[in-house]
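Comments concern the structure below.
Numbering (our numbering), first residue to last: 11 to 236.
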């Protein structure tokens, strides 16, 4: 019965011309873009830091019809993605080096990158993105708000409003990783100084490990260039 209902759901979506994508490398990102109403087909799109997942998100944007470009600071990651046009990827230390490709982008997005930047690099990066976007373009980026950990090692149980009681702020990443936590309020204020308008946010909380005693809190923010 459940599968019958699902088939009818897909048929209705197809009839309406909104058939859902049934495979996606990063559902949280592309669902957020969809909720924002950010189009990809026919758009000039740049991903900053695309090499960390071997270009999977950028390739997905390209599969959805985007004119896809990417930068990363690691040269071996830039040259190691055969599904991307070599003329549309480049080595660039975002926040220090100006973004290449001449600007005019409809969307710039970035995951797991900005929390490695200093405050000065973030200011440079936001201003650089603003200059590289066309009017009406969008900037979307993700960062880590914080990590949570429990000393009680909670067992598997139904999630309730009290499930995070007993957790405390922590750092669950490996020693030596230069990750730093960022505050949404600070990011919104800094982007506003650059000229961006904040128009969307999304929070993602997920457990790490296999015992349910560690959580990471990620944040997506979206901005428009007026």
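For every residue, glycine included, the Cβ atom is placed at its ideal position computed from N, Cα and C.
Computed from a predicted model, the values in this text were never measured in an experiment.
Residue 124 counts as buried, since no fewer than 16 other beta carbons sit within 10 angstroms of its beta carbon. Fully contained in the segment 75-144 are the following alpha helix (DSSP H) runs of length 4 or more, in chain order: 85-88 and 129-142. The Cβ atoms of residue 56 and residue 115 lie closer than 7 Å to each other. In the structure shown, residue 190 falls within a coil segment according to DSSP collapsed to helix, strand and coil. Residue nearest to residue 135 within the set 161, 179, 153 and 108 is 108 (criterion: CA-CA distance). Counting every other CB atom within 10 Å of its CB across the protein chains shown gives residue 216 a total below 16, marking it as exposed. In chain order, 198 and 233 place their CB closer than 6 Å to the CB of residue 208, counting only its own chain and leaving out the 5 sequence neighbours on each side. CA-to-CA, the gap between residue 79 and residue 72 works out to about 9 Å. Residue 154 carries a strand assignment under DSSP once its states are collapsed to helix, strand and coil. Around the beta-carbon of residue 50, 16 or more other beta-carbon atoms lie within 10 Å, marking it buried. For the pair of segments examined, the segment 57-69 was found to touch the segment 81-98: the number of CB pairs separated by less than 8 Å reaches three. For residue 167, the secondary structure class from DSSP, reduced to helix, strand or coil, is coil.
Annotation: the continuous beta strand (DSSP E) that includes residue 228 extends over 224-234. By the 16-neighbour rule on beta-carbons within 10 angstroms, residue 121 is buried.
As a beta-bridge residue in DSSP terms, residue 148 pairs with 117 and 234.
The DSSP-derived three-state label of residue 214 is strand. Beyond the five residues adjoining it in sequence on each side, residue 93 comes within less than 8 Å, by CB distance, of 65, 69 and 72 in the same chain, given in chain order. Here residue 50 carries a coil assignment [DSSP, helix/strand/coil]. Within the DSSP bridge table, the entry for residue 180 names 157 as partners.
Secondary structure of residue 63 (DSSP, three-state): helix.
One thing to note: residue 212 has its Cβ no nearer than 7 Å to the Cβ of residue 60.
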